[in-house]
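Those letters in the sequence shown? Residues 29 to 408, per the numbering used here, in order.
Note that the Cβ used here is the ideal one computed from N, Cα and C, for glycine as well.
Please read all numbers here as calculations on a predicted model, not as lab measurements.
Here the structure comes first, spelled out in structure tokens, and everything after it is commentary.
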Amino acid sequence: MSLLVISFDAVADYVFNEMASDENLYPNIAKFKKNSYYRDKVTTSFISNTYPIHTTISTGKPPKKHGIIGNKLNDGRGPWAQEGKLIKCKTIWQAAKEKKLKTAALLWPVTCGEKIDYHLPEVHVNRGENRLIKHLKYGSPIFQIKGMLKHIKLLQGFSENSMGKNNIAINLDRFTTNIASDLFKSSKKVDLALVHLISYDTIFHHVGSKGKALAHAKKSLDENLGKLLKAWRGKVLVFSDHAQLDVEETVNLHKLYGNIVHQQGGSAFFKREVEGIEKMPWFGRFLTEEELDYAGYKGFMGIAAKIGYSFVTLKFKGDHGYPVDYPNYNTFYTFYGSKLDKSKLIGHITDVTYIIAKELGLNMDIIKERESLVPVMGAI
């Protein structure tokens, strides 16, 4: 009873399908999809950013319940919402610990400080902070030191400011994969392993869908998947948290409206109504009351960016955070292992949580919620 969960950050379902159809260029992805249960057109969680979505997967709950309503705290301007203590619901690693299962998490968002047996947390540092010290504080010290010493060449030159450099992002994924593979090949028992690969997301932000560097990120994903599959002994679940859309112009709403706004890429939330905002060229539509409630912004006025725009302080060429009904914005998951009860799968990103909890026999609310579903003929 063991399960490896791999997050392909920002890879849309149509992108994964294109990769899986080219077995010469992406042999590992093509083979894995062919031999697995695959589902595309999966609706992600809103707000569609990495930390809220991964926490929804980690808990099976919407942002309004788990409490991570943005990648960053304080109106979306930092610091990062990276500490596990911020999560208000039971997580899959806590449920696994209740069953005395061994857990591993490598670059998995919002796990800093959590009790995970083999832990390389995704850490963001503020100016003046030491990255190594923060890693050791928030993760498994000996496990991390051994991995860093062995694969130090992949970390040379890494810093918070260099994340946008394509080779740094790809090397970070290789570093994560190498440490995970070393662990899986060892005699140490791991029942639940969570691995987050970020290069596609990072590079898309900086070059958009037409950037040549994106091809290197795709090839890197295939190579890393092959390496992880070769080292792992057990079931495997691969998924994507959100897609990305091309951005022609970024808009910093903080400069226009001050501290009344939380800007989150493809959407923004205002503490009060703003008259005439719908006339602005970057305005897409107002968010519905249902969207605001689900995302944890009940009582706010919310807007979605028009396609081609993003509400950020940086100059991105690609972004996410858009409403889940935007075109070309669906995700996917694909599972290799035991036969799934497809009547309990609803085409939402929380299917990933359900599969994890079901396969490992975890005591999670989503099991009870899905078991109460009445199958609809032809729906799956």
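Q: With DSSP as the reference, label T278 as helix, strand or coil.
A: DSSP places T278 in strand when its eight states are reduced to three.
Q: Put N189 into one of helix, strand or coil per three-state DSSP.
A: Any answer about N189 is weak, because its pLDDT of 40 lies below 50 and its placement is not dependable; what the coordinates show is given next. Three-state result, N189: helix.
**Q.** H152 beta carbon less than 8 angstroms from that of Q110
**A.** In this structure, H152 lies closer than 8 angstroms to Q110 by Cβ.
Q | Option in D347, K92, T84 and L129 with minimal Cα separation from T139 | A | When only C-alpha atoms are compared, the closest one is T84.
Q | Exposure of I170, with buried meaning 16 or more beta-carbon neighbours within 10 Å | A | Classification of I170: exposed, given that the 10 Å Cβ count is below 16.
Q) Which runs of the beta strand (DSSP E) fall wholly inside the region 257-325 and span at least 3 residues, in chain order? A) Secondary structure remark: continuous beta strand (DSSP E) runs of at least 3 residues inside the region 257-325, in chain order: 263-267, 273-279, 289-291, 295-298 and 311-314.
Q. Is G389 helix, strand or coil by DSSP?
A. Three-state result, G389: coil.
(Q) Under DSSP, the beta strand (DSSP E) around T131 begins and ends at which residues? (A) First-last of the beta strand (DSSP E) with T131: T131 to L134.
(Q) One question on the structure: do S76 and F267 come within less than 8 angstroms of each other, judged by their Cβ atoms? (A) Taking 8 angstroms as the cut-off, the Cβ atoms of S76 and F267 do not count as close.
Q: May I ask which residues mark the beginning and end of the beta strand (DSSP E) holding I34?
A: Per DSSP, I34 belongs to the beta strand (DSSP E) from L31 to F36.
Q: Could you spell out the range, first to last residue, of the beta strand (DSSP E) harbouring R67?
A: Bounds of the beta strand (DSSP E) holding R67 are Y65 to V70.
Q. Going by C-alpha distance, which of V43, G293, Y285 and E317 is nearest E303?
A. Of the candidates V43, G293, Y285 and E317, the one whose C-alpha sits nearest the C-alpha of E303 is Y285.
**Q.** Distance between I394 and T87 (C-alpha atoms, nearest Å)
**A.** Taken atom to atom, the span from the alpha-carbon of T87 to that of I394 is near 8 angstroms.
Q.
Considering only heavy atoms of the ligand FMN, does any lie closer than 7 angstroms to the CB of L253?
A. Annotation note on the ligand FMN: not contained in the displayed structure, which lists no ligands.
Q.
For the alpha helix (DSSP H) containing L401, name the first residue and the last one.
A. Unbroken run through L401: none, as it is neither H nor E.
Q. Do you know offhand how far M191's Cα is from L401's?
A. Summary for M191: the model assigns pLDDT 40, below 50, so the residue's position carries little reliability; its value from the coordinates is reported in the next sentence. When rounded, the distance between both Cα atoms is 43 angstroms.
Q: With DSSP collapsed to three states, give me the class of I331.
A: The answer is strand: DSSP assigns I331 an E or B state.
Q. For G365, does the three-state DSSP call read helix, strand or coil?
A. If DSSP states are grouped into helix, strand and coil, G365 belongs with coil.
Q. Quick one, which of S73, G106, L101 and W108 has its alpha-carbon nearest P91's?
A. The shortest C-alpha separation from P91 is found at S73.
**Q.** Coarse secondary structure for T338, derived from DSSP in three states
**A.** Checking the displayed sequence, the identity of residue 338 turns out to be Ser instead of Thr. Residue state, collapsed to three classes: strand.
Q.
Short of 7 angstroms in beta carbon distance, which residues of its chain neighbour V205, apart from the five on each side in sequence? Order them along the chain.
A. The amino acid at residue 205 is misidentified as Val; the sequence shows Thr. Result list for T205: N252, K255 and L256, in chain order.
Q) Since L368 and L31 are thought to touch, with beta carbons under 8 angstroms apart, how far apart are those beta carbons, to the nearest angstrom? A) The C-beta distance from L368 to L31 rounds to 13 angstroms, too long to meet the 8 angstroms contact threshold.
(Q) Check whether the region 354-365 and the region 39-58 are in contact - that is, three or more C-beta pairs closer than 8 angstroms. (A) By the criterion of at least three beta-carbon pairs nearer than 8 angstroms, the region 354-365 is in contact with the region 39-58.
Q. How big is the Cα-Cα spacing for Y354 and Y54?
A. One C-alpha to the other measures close to 28 angstroms.
Q) Starting from L177 and walking both ways along the alpha helix (DSSP H), at which residues does that stretch end? A) P169 to K178 is the extent of the alpha helix (DSSP H) around L177.
Q: Could you give the DSSP three-state label for G141: helix, strand or coil?
A: Of the three classes helix, strand and coil, the one that applies to G141 here is coil, per DSSP.
Q.
Within a Cβ cutoff of 7 angstroms, which residues of the same chain sit near I226, ignoring the five residues on either side of it in sequence?
A. If we look at I226 and ignore the five residues flanking it on each side, its Cβ neighbours are D37, L135, A197, L200 and D201.
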